[in-house]
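J.:
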Amino acid sequence: MDMAESKSMLKGVLVGGAVGAAAALLLAPKSGRELRQDIRDKYRQTSDKAKTLVTNATEKTKEIVSHVGQRASEVADKTQSVVRAVKDEAENRAPSQTPN
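So for the sequence shown, my numbering puts the first residue at 1; every next one is plus one.
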């Protein structure tokens, strides 16, 4: 699943959860004061969950970026070593170009 699909799915889950919670609260037989308090509580819970999800996703993204950068650096170093070795080998095998 790519990043765009993950964001879309996360938005869908959050919106669906909010709509479902709002519908459940509005259809429950409670007084206005109790209903408003329940809505505030559900909003805080949903907000906290969303913040946690965003924080976790941000941390995971940073870890992945760091890992990819490290691996790219390792590959670049290894490539430079191989190129140097091939160049040295080619220079050692080439016949001497000194005039007679």
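Each residue gets a CB set at the ideal place from its N, CA and C atoms; glycine is no exception.
Quick caveat, the model's predicted, so the values are computed rather than measured.
Roughly how far, in whole angstroms, is the beta-carbon of K42 from the beta-carbon of A21, given that I think they are within contact range, below 8 Å?
T.: The sequence position of residue 42 within the sequence shown is 42, counting from 1. The sequence position of residue 21 within the sequence shown is 21, counting from 1. The pair is a contact, with the Cβ atoms about 5 Å apart (cut-off 8 Å).
J.: In whole angstroms, what separates the C-alpha of K62 from that of L53?
T.: Mapped onto the sequence shown, residue 62 falls at position 62. Mapped onto the sequence shown, residue 53 falls at position 53. If I take the Cα positions, the gap works out to 14 Å.
J.: How would you write the range of the alpha helix (DSSP H) that S47 sits in, first residue to last?
T.: As a first step, residue 47 is located in the sequence shown; it is residue number 47 there, counting from the start. Element bounds for S47: 32 to 93.
J.: To the nearest angstrom, report how far apart L25 and R36 are at their CA atoms.
T.: Here the question's residue 25 lines up with position 25 in the sequence shown. Here the question's residue 36 lines up with position 36 in the sequence shown. For L25 and R36, the distance between alpha carbons rounds to 9 Å.
J.: Where does A21 sit, in a helix, a strand or coil, going by DSSP?
T.: As a first step, residue 21 is located in the sequence shown; it is residue number 21 there, counting from the start. DSSP places A21 in helix when its eight states are reduced to three.
J.: Taking C-beta to C-beta, are A4 and T46 nearer than 7 Å?
T.: Taking the sequence shown and counting its residues from 1, the one referred to as residue 4 is at position 4. Taking the sequence shown and counting its residues from 1, the one referred to as residue 46 is at position 46. The answer is no: Cβ separation not under 7 Å.
J.: State the Cα-Cα distance for the pair E91 and S81, rounded to the nearest angstrom.
T.: As a position in the sequence shown, residue 91 is number 91, starting the count at 1. As a position in the sequence shown, residue 81 is number 81, starting the count at 1. If you take the alpha carbons of E91 and S81, they lie about 15 Å apart.
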